[in-house]
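Going by our numbering, 651 is the number at position 337 of the sequence shown; the sequence numbering is gapless.
We put the beta carbon where it would ideally sit given N, CA and C, even for glycine.
Notes to accompany the following structure.
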Amino acid sequence: MKKLMILGAGTYQVPLIRTARRMGLYTIVVSIPGDYHGFSIADKVYKMDTRDKEGILEAAKKEKIDGICTSGTDVAVRTIGYVCEKLGLCGIPYEAAGIVTDKAKMKEAFLRGGVSAAKGTKVFDVAEAKMASADLGYPVVIKPVDSSGSRGISVVRNEQEVDLAFAHAIKRSRQNYVLVERFLKGVEIGADGFVCNGKLIFLAPHGKFIYHGENITVPVGHVFPYDCSEKVEREIARQMQAAVSAAGLDHCSVNADIFVDGEQVSVIEIGGRTGATCIPELISMCYGFDFYEQMIKSALGEPVEFSDVPKVPCMAKLLLSPVSGTITNVDVKGIEMLCREGVMIDLDYPVGHHVFAMSDGTDRIGHVISATQDERKLDEIMRQVRSCIWIDGRNLEEIWNG
Numbered sequence: 315m316k317k318l319m320i321l322g323a324g325t326y327q328v329p330l331i332r333t334a335r336r337m338g339l340y341t342i343v344v345s346i347p348g349d350y351h352g353f354s355i356a357d358k359v360y361k362m363d364t365r366d367k368e369g370i371l372e373a374a375k376k377e378k379i380d381g382i383c384t385s386g387t388d389v390a391v392r393t394i395g396y397v398c399e400k401l402g403l404c405g406i407p408y409e410a411a412g413i414v415t416d417k418a419k420m421k422e423a424f425l426r427g428g429v430s431a432a433k434g435t436k437v438f439d440v441a442e443a444k445m446a447s448a449d450l451g452y453p454v455v456i457k458p459v460d461s462s463g464s465r466g467i468s469v470v471r472n473e474q475e476v477d478l479a480f481a482h483a484i485k486r487s488r489q490n491y492v493l494v495e496r497f498l499k500g501v502e503i504g505a506d507g508f509v510c511n512g513k514l515i516f517l518a519p520h521g522k523f524i525y526h527g528e529n530i531t532v533p534v535g536h537v538f539p540y541d542c543s544e545k546v547e548r549e550i551a552r553q554m555q556a557a558v559s560a561a562g563l564d565h566c567s568v569n570a571d572i573f574v575d576g577e578q579v580s581v582i583e584i585g586g587r588t589g590a591t592c593i594p595e596l597i598s599m600c601y602g603f604d605f606y607e608q609m610i611k612s613a614l615g616e617p618v619e620f621s622d623v624p625k626v627p628c629m630a631k632l633l634l635s636p637v638s639g640t641i642t643n644v645d646v647k648g649i650e651m652l653c654r655e656g657v658m659i660d661l662d663y664p665v666g667h668h669v670f671a672m673s674d675g676t677d678r679i680g681h682v683i684s685a686t687q688d689e690r691k692l693d694e695i696m697r698q699v700r701s702c703i704w705i706d707g708r709n710l711e712e713i714w715n716g
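Right, dumping it as structure tokens:
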């Protein structure tokens with residue numbers, strides 16, 4: 315029986331673990347201690363920090379693993395590259411992993427590789443941030459170089475906002491510097507794909523649903539496929555390949571944030587792993603193959619197969635709560651009735667579990683997936699699902715309505 319090591323045991327790794335078990339693999343899950351469902355479904359567990367590359371390398375040697383991978387998180391990507399390099403496994407190169415998990419290094423690589431991207435500067439303090447912002451011209455974006463899910467990112471419109479934005483970014487970073495970059499206009503979309511032998515062999519651009527709150531911007535869902543002209547589609551593919559080559563990515567799934575302004579395509583950032591927020595599930599539904607299976611096969615050094623022709627338009631949104639509290643009731647029959655109508659509903663937590671008010675995509679309490687491109691239809695389903703959930707005795711739909 316082949317052994318697969320999966321880094322992370324949280325919401326976005328659970329489907330990967332389940333798929334590996336369904337494929338008959340022995341699953342070794344590594345994560346920091348915590349209330350993570352992945353621990354209960356793994357064959358073996360190591361409770362370690364997924365950034366501990368030396369410790370995880372020793373565990374991988376001990377277990378004689380055949381592959382290592384993750385899903386939906388940047389935190390473990392460098393460790394995966396390190397273990398693959400040391401053990402000769404199939405996966406993201408270690409040098410590339412270092413580039414795509416540091417937005418400042420990524421920006422430099424994009425510049426060298428001729429990728430269309432926003433200009434940006436690495437800064438170490440508020441004074442440098444103000445100088446960089448003035449040089450780039452307001453508005454600018456100030457962000458941590460090593461976070462994902464929109465954590466620590468601020469749009470800054472004048473010098474008076476720089477101090478708070480810098481503090482917000484540096485607080486959410488393990489580095490002593492942040493990135494200041496020019497604010498781009500246009501529509502923000504995503505693009506996920508797969509790289510083999512340095513070439514994008516699969517690419518799936520997709521639309522995004524963004525929640526704009528008073529002080530937060532949270533990606534809350536996606537729609538597949540992205541509707542655009544053939545010219546824009548070709549330019550997305552061209553810029554994505556340029557980004558892949560500039561970063562040195564190989565033998566891994568990729569996830570990118572992109573701005574489209576007319577026919578201008580700019581890559582904001584690219585990651586050496588698949589996206590979160592239901593992206594693997596939507597790819598699987600839209601294109602007719604199991605994306606988790608293909609990621610696992612690649613990690614094991616096995617051939618992968620992808621279809622690049624969309625078959626089923628679909629979309630998904632996260633279930634989020636505007637308030638923190640405890641789930642006090644769930645109308646299970648109501649949820650099951652909606653599922654019989656062809657809707658995929660996944661609740662992350664049982665009754666009695668604490669949930670947090672949304673501040674980023676990790677504060678989800680579940681998701682809803684539907685084979686539709688009608689956002690109004692999906693939103694109606696979302697309302698029905700929220701009406702089946704109570705937090706601290708209050709109905710979630712009523713909480714949303716104020």
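Within the same chain, show all residues whose beta-carbon is closer than 6 Å to that of residue i, passing over the 5 residues directly before and after it, in chain order.
i    : result
Y360 : V344, A373
Y396 : K367, Y408
T387 : G322
D477 : V440
D677 : F670
V389 : T364
T325 : D662
K625 : G602
F353 : A323, V359
Within 10 angstroms of the Cβ of residue i, are there 16 or more other Cβ atoms? Answer buried if so, exposed if not.
i    : result
R465 : buried
R697 : exposed
G521 : buried
H667 : exposed
N715 : exposed
G405 : buried
K607 : The amino acid occupying residue 607 in the given sequence is Glu; Lys does not appear at that position. Label assigned to E607: buried.
H526 : exposed
V455 : buried
M651 : exposed
R791 : With the chain running from 315 to 716 in the structure shown, residue 791 is simply not present.
P594 : buried
G675 : buried
V623 : exposed
K421 : buried
D693 : exposed
Taking a contact to mean a Cβ-Cβ separation below 8 Å, would you say residue i touches residue j in this structure?
i    : j    : result
I584 : A561 : yes
L517 : M554 : yes
A570 : G504 : yes
E544 : V579 : no
V682 : A630 : yes
M609 : S385 : yes
P453 : F497 : yes
V574 : V501 : yes
L403 : G428 : no
M315 : L339 : yes
A418 : V459 : yes
P533 : T588 : no
I659 : G680 : yes
L514 : V470 : no
A483 : K457 : yes
T393 : I370 : yes
Looking only at its own chain, which residues have a Cβ that is under 7 Å from the Cβ of residue i, when we skip the five neighbours before and after it?
i    : result
T642 : V665, W704, I705, D706, G707
T341 : L318, I320, I331, A334, R335, A356, D357
N472 : Y452
G586 : V391, I406, A410, A411, V414, L563, C566, V568
Within a Cβ cutoff of 8 Å, which residues of the same chain sit near residue i, ignoring the five residues on either side of it in sequence?
i    : result
N709 : R700, S701, I703
C628 : V537, F538, L596, M599, C600, I683, S684, A685, T686, Q687
C542 : P519, I550, V574
D416 : V459, D460, Q489
V328 : H351, G352, I355
I524 : E502, T531, V532, P533, V534
F620 : F508, I515, F516, Y601, F603, Q608
K499 : F573, D575
L689 : Before going on, a small fix: residue 689 reads as Glu here, not Leu. Excluding residues within five positions, the ones whose Cβ falls inside 8 Å are F523, V537, M629.
I346 : K361, M362, D363, T364
Mind the definition here: the region 420-439 touches the region 500-514 only if three or more C-beta pairs lie below 8 Å; say whether that holds. no
Give a yes or no on contact between the region 632-641 and the region 610-624, applying the rule of three or more CB pairs nearer than 8 Å. Contact check between the region 632-641 and the region 610-624: fewer than three CB pairs, one atom from each, fall below 8 Å, which does not count as touching.
Taking contact to mean 3 or more Cβ pairs, one atom from each stretch, closer than 8 Å, check whether the region 478-488 and the region 400-415 are in contact. No, they do not touch.
Contained alpha helix (DSSP H) runs [length at least 4] in the region 629-670, N- to C-terminal order: 646-653
Which runs of the beta strand (DSSP E) fall wholly inside the region 409-454 and span at least 3 residues, in chain order? Those beta strand (DSSP E) runs which fall completely within the region 409-454 and span 3+ residues are 434-437.
Can you list, in chain order, the stretches of the alpha helix (DSSP H) that have 4 or more residues and sit fully within the region 511-572? 544-561
Could you tell me which uninterrupted alpha helix (DSSP H) segments, each at least 4 residues in length, are contained entirely in the region 361-390, listed from first to last along the chain? 367-377
Starting from the N-terminal side, write out each stretch of the alpha helix (DSSP H) that is 4 residues or longer and does not extend beyond the region 596-631. 605-613
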